[in-house]
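In what follows, a single structure is set out as structure tokens and then discussed.
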Amino acid sequence: MLELKNISFRTPEPVAGAQSPAARTIIHDLSFTFESGRFYAITGPNGSGKTTLAKLIMGINELTSGKIFFNGSDISKLPIHERSNAGIVYGFQNPARFKGTTFRDLLSIAAGSDDEKILFEIISRVGVCSLDFLDKLVDSKLSGGEIKKIELATVIARNPKVAIYDEPDTGIDLWTIGPMVELLKREQRENKTTTIVVSHNKAFLEAADTLLLIRDGKIGYSGDLAGAVPILEDLSVCTFNELCQGVDNAQCYR
Amino acid sequence: MLNAIDKQVLKEVADLEGIPKGAYNIRKNGELLDRKVSANINIETNEKGDGIIIDIKPGTKNESVHIPVILSQAGLHDTVYNTFIIGEDADVTIIAGCGIHCGGKESEGHSGIHEFQIKAGAKVKYVEKHIALGEGTGRRILNPTTKVFMAENAQVEMELTQLGGVDEAKRFNEAKIGAGSVLLITERVMTEGNQTAESRNEIELAGTDSKTNIVSRSVIKGNSTQDFYVNLTASAKCYGHIECDAIIMDNGRNQTVPALRALHPDAELTHEASIGKIANDQLMKLMSLGLDYDAAVSRIIQGFLR
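Chains as they are written, first to last, in our numbering: chain V, 1 to 254; chain A, 255 to 560.
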């Protein structure tokens with residue numbers, strides 16, 4: 001349904017002393033097909049290319065090579081808004097902060113309507129934002145958790161066919177993560193939303209039908225969580241092993 | 255009495271569909287067009303005959319005064335000196351503004367000086383909109399000046415807006431803020447083509463526990479230029495903040511110079527200023543919600559100047 005075919009992404013990287021910048025490969029000849037209506041979790045070490053992969057799907061980053069097909073049509077060259085209108089929506093890891101733009105504005109754009117009744121319905125469907133958020137400015141005064149809740153709501157308001165959430169739990173309090181996972185599962189179940197969550201959080205990894213482990217710009221593993229655990233515990237993936245010092249019973253999903 | 259152009263201008267500068275309710279003074283092409291006073295708000299021409307005195311009785315609540323200016327005569331440069339006396343504990347809204355309709359080759363301009371005497375405990379909201387319309391090629395010039403003198407525990411909120419059509423604007427705002435008083439200024443200016451706009455502000459936090467927040471939002475399109483200067487002086491224990499943001503589009507140019515001066519050890523003054531293009535992450539966000547590039551730009555600017 002959403003097919004990534006041999007996609008690569010390279011970015012120029014200035015090298016001291018060199019005349020021309022070297023290219024760093026972030027995504028390396030990656031192929032994968034996301035099936036309709038399934039829940040995917042993408043995990044992997046910091047800097048492995050998870051966010052870049054998500055942004056390539058949304059069209060925020062441009063492919064260096066390869067192709068992306070969505071329901072059979074090639075969307076590799078489509079601009080961001082056309083991919084959005086085709087049904088792909090991305091929730092940013094670090095959402096933009098505006099000056100003068102309110103949550104109501106963003107939600108109205110996302111929903112394609114400023115009818116208050118419709119906006120209220122979306123908010124109650126999302127659940128994690130309170131109604132009094134509506135006239136809040138989406139600016140630098142919002143806390144990290146508040147802006148992530150708003151980000152989540154704007155994605156859901158689009159009724160996406162494919163929803164990509166980039167670390168949706170960053171800054172979110174412990175009590176909200178459970179409801180957030182339930183919400184994404186419910187959207188998957190009721191609206192057949194193909195759900196892709198980039199996360200390190202055990203709650204999302206457990207909720208996923210399929211887990212993708214990205215290492216060095218490639219898929220290191222895809223399958224269920226049980227199969228991924230030995231790899232996730234692999235010292236070569238974990239950069240935190242100095243902290244737990246390899247204690248056997250430490251549950252670590254990083 | 256109001257022709258089609260007058261009505262269009264009034265709608266733009268004062269959101270009026272016709273003659274306003276409450277007290278008003280409508281000036282057209284350098285002359286009085288119509289005036290109405292109320293039980294609490296008196297308006298009369300000053301002694302020199304170069305402006306009006308708006309006298310608001312102490313304790314007047316929830317009343318408004320409209321004082322729009324219409325300019326539609328080519329070659330006319332109108333100058334006025336208006337004085338507002340706001341009585342103790344009054345709570346009023348003043349809607350001012352000037353609309354130029356330029357139909358010819360000659361320039362047209364309006365220089366309005368508004369002086370405010372704000373008595374103790376009074377609360378004023380002052381809304382001033384400037385706009386220029388019409389197909390003419392003459393330059394449209396607006397040079398507004400406001401002078402605000404605040405006694406104790408007063409509150410003034412000023413919204414100063416110029417959203418297009420004005421070729422040349424030189425603004426000067428001066429304020430002296432008394433003990434416990436609060437002055438909030440929000441200035442929004444959009445320029446395009448070869449327009450120029452300059453705003454100079456001299457604000458003094460004179461009394462103990464006086465406060466001010468000065469916000470400037472500029473959008474500079476085409477080859478236009480905007481300069482914003484503010485000198486904030488604190489001569490007492492007080493709090494003041496300046497926030498200037500400019501979005502540059504096309505080849506616009508901007509100079510933003512906020513200056514803080516503390517003449518008292520308990521003064522607390524801060525400022526933040528930024529000049530730049532529309533932030534890429536904002537554009538990406540709105541495009542990911544389905545807006546094309548141009549629609550995304552326009553929504554961001556709309557919010558920014560709101």
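Built from N, CA and C at the ideal position, the CB exists for glycine as well. A quick note: this is a predicted structure, and the numbers were derived from the prediction, not measured.
Start-to-end residues for the alpha helix (DSSP H) that takes in residue i
| i | result |
| --- | --- |
| Ile259 (chain A) | 258-268 |
| Ala500 (chain A) | Careful: Ala500 (chain A) lies outside any alpha helix (DSSP H), inside the beta strand (DSSP E) at 492-502. |
| Met541 (chain A) | 534-542 |
| Lys50 (chain V) | 50-58 |
| Met180 (chain V) | 174-191 |
| Asp29 (chain V) | Segment 22-34 is the beta strand (DSSP E) holding Asp29 (chain V); no alpha helix (DSSP H) there. |
| Asp139 (chain V) | Careful: Asp139 (chain V) lies outside any alpha helix (DSSP H) and carries neither H nor E. |
Minimum C-alpha distance to residue i - residue among the options
| i | options | result |
| --- | --- | --- |
| Lys465 (chain A) | A:Lys311, A:Lys265, A:Ser326, A:Asp520 | A:Asp520 |
| Thr566 (chain A) | A:Gly351, A:Gly329, A:Ala277 | Given that chain A is displayed from residue 255 to residue 560, the structure contains no residue 566 (chain A) and the question cannot be resolved. |
| Gly313 (chain A) | A:Ala527, A:Asn283, A:Asn294 | A:Asn294 |
| Asp29 (chain V) | V:Gly37, V:Ile68, V:Ala228, V:Pro45 | V:Ile68 |
| Ile358 (chain A) | A:Gly392, A:Val381, A:Lys290 | With the sequence shown as reference, residue 358 (chain A) is identified as Gly, and Ile is not the correct amino acid for it. Per the Cα distances, A:Gly392. |
| Lys218 (chain V) | V:Thr43, V:Ile122, V:Leu78, V:Tyr165 | V:Thr43 |
| Asn508 (chain A) | A:Asp548, A:Lys475, A:Thr487 | A:Lys475 |
| Ala207 (chain V) | V:Leu119, V:Gly223, V:Ile214, V:Arg215 | V:Gly223 |
| His384 (chain A) | A:Asp309, A:Gln371, A:Ala405, A:Asp269 | A:Asp269 |
| Val319 (chain A) | A:Ile297, A:Gly329, A:Ala277 | A:Ala277 |
| His355 (chain A) | A:Lys539, A:Val436, A:Ala258, A:Met503 | A:Ala258 |
| Thr337 (chain A) | A:Ser326, A:Thr347, A:Ile307, A:Pro322 | A:Ile307 |
| Tyr165 (chain V) | V:Phe70, V:Asp115, V:Leu183, V:Trp175 | V:Leu183 |
| Leu396 (chain A) | A:Phe403, A:Glu389, A:Gly366 | A:Gly366 |
| Ile532 (chain A) | A:Val551, A:Lys424, A:Cys492, A:Phe370 | A:Val551 |
| Gly375 (chain A) | A:Asp548, A:Glu266, A:Ile340, A:Leu325 | A:Ile340 |
| Lys285 (chain A) | A:Lys275, A:Val263, A:His331, A:Asp309 | Looking at the sequence shown, residue 285 (chain A) is not Lys but Glu. If we check each option's Cα against that of Glu285 (chain A), A:His331 comes out closest. |
| Lys50 (chain V) | V:Gly66, V:Ile27, V:Tyr221 | V:Ile27 |
Cutoff 8 Å; reference residue i; Cβ partners in own chain excluding five residues on either side
| i | result |
| --- | --- |
| Val15 (chain V) | Pro21, Ala22 |
| Asp135 (chain V) | Thr102, Phe103, Arg104 |
| Ser236 (chain V) | Note that Ser236 (chain V) scores 49 on pLDDT, short of 50, meaning its location in the model is unreliable and no value can be drawn from it. |
With 16 other Cβ atoms within 10 Å as the buried cut-off, status of residue i
| i | result |
| --- | --- |
| Val378 (chain A) | buried |
| Ile605 (chain A) | Examination of residue 605 (chain A) is not possible in this model, given that chain A is present from 255 through 560 alone. |
| Glu187 (chain V) | buried |
| Asp260 (chain A) | buried |
| Gly506 (chain A) | buried |
| Asn201 (chain V) | buried |
| Asp74 (chain V) | exposed |
| Glu151 (chain V) | buried |
| Gln556 (chain A) | exposed |
| Leu174 (chain V) | exposed |
| Thr487 (chain A) | buried |
Residue i: first and last residue of the uninterrupted beta strand (DSSP E) it sits in
| i | result |
| --- | --- |
| Ile468 (chain A) | 464-474 |
| Asn508 (chain A) | 507-516 |
| Val89 (chain V) | 88-91 |
| Arg289 (chain A) | 285-290 |
| Leu63 (chain V) | No beta strand (DSSP E) holds Leu63 (chain V); DSSP gives it neither H nor E. |
| Leu325 (chain A) | 315-325 |
| Val402 (chain A) | 399-404 |
| Ser124 (chain V) | Unbroken run through Ser124 (chain V) is the alpha helix (DSSP H), 116-126; no beta strand (DSSP E). |
| Asn201 (chain V) | Careful: Asn201 (chain V) lies outside any beta strand (DSSP E) and carries neither H nor E. |
| Asp105 (chain V) | Run containing Asp105 (chain V): none in the beta strand (DSSP E); it sits in the alpha helix (DSSP H), 103-111. |
| Thr154 (chain V) | From DSSP, Thr154 (chain V) is part of no beta strand (DSSP E) but of the alpha helix (DSSP H) over 144-157. |
Same chain, Cβ closer than 7 Å to residue i, neighbours up to 5 away in sequence not counted
| i | result |
| --- | --- |
| Phe426 (chain A) | Thr399, Arg454 |
| Thr510 (chain A) | Phe482, Cys498, Ala500, Ala527, Ile529 |
| Lys290 (chain A) | Ala277, Tyr278 |
| Met58 (chain V) | Ile80, Arg83, Ile88, Tyr90, Ile164 |
| Pro12 (chain V) | Pro21, Ala23 |
Neighbouring residues, chain C, relative to residue i (Cβ below 8 Å)
| i | result |
| --- | --- |
| Arg560 (chain A) | Within the model displayed, chain C is absent; protein chains V and A are what it includes. |
Beta-carbon contacts of residue i that lie in its chain and below 6 Å, excluding the five residues immediately before and after
| i | result |
| --- | --- |
| Asp234 (chain A) | Residue 234 (chain A) lies beyond the stretch modelled for chain A, which goes from 255 to 560, so this question has no answer here. |
| Glu456 (chain A) | Glu428, Asn485 |
| Thr64 (chain V) | Ser8, Phe9, Arg10 |
| Lys315 (chain A) | Asp345 |
| Asp288 (chain A) | Ile280 |
| Cys129 (chain V) | Ile123, Lys149, Ala153 |
| Gly434 (chain A) | Glu406, Asn407, Asp463 |
| Gly329 (chain A) | Glu360 |
| Val89 (chain V) | Val155, Arg158, Pro160, Ala163 |
| Lys211 (chain A) | Outside the shown range of chain A, which is 255 to 560, sits residue 211 (chain A), and nothing can be said about it. |
| Asn448 (chain A) | Asn477 |
Distance cut-off 6 Å: residue i Cβ against heavy atoms of the ligand MG
| i | result |
| --- | --- |
| Ala207 (chain V) | The ligand MG is absent from the structure shown, which contains no ligands of any kind. |
Query raised in the report: With contact counted as at least three CB pairs below 8 Å, one residue from each stretch, are the segment 80-96 of chain V and the segment 32-39 of chain V in contact?
Result: no
Report task. Examine the Cβ distances between the segment 181-198 of chain V and the segment 161-168 of chain V and report whether three or more of them are shorter than 8 Å. Result -> yes
Query raised in the report: Is the segment 466-484 of chain A touching the segment 495-504 of chain A, taking contact as three or more C-beta pairs under 8 Å?
Result: yes
Report task. Would you check if the segment 150-158 of chain V and the segment 104-122 of chain V touch, i.e. whether three or more CB-CB distances between them fall below 8 Å? Result -> yes
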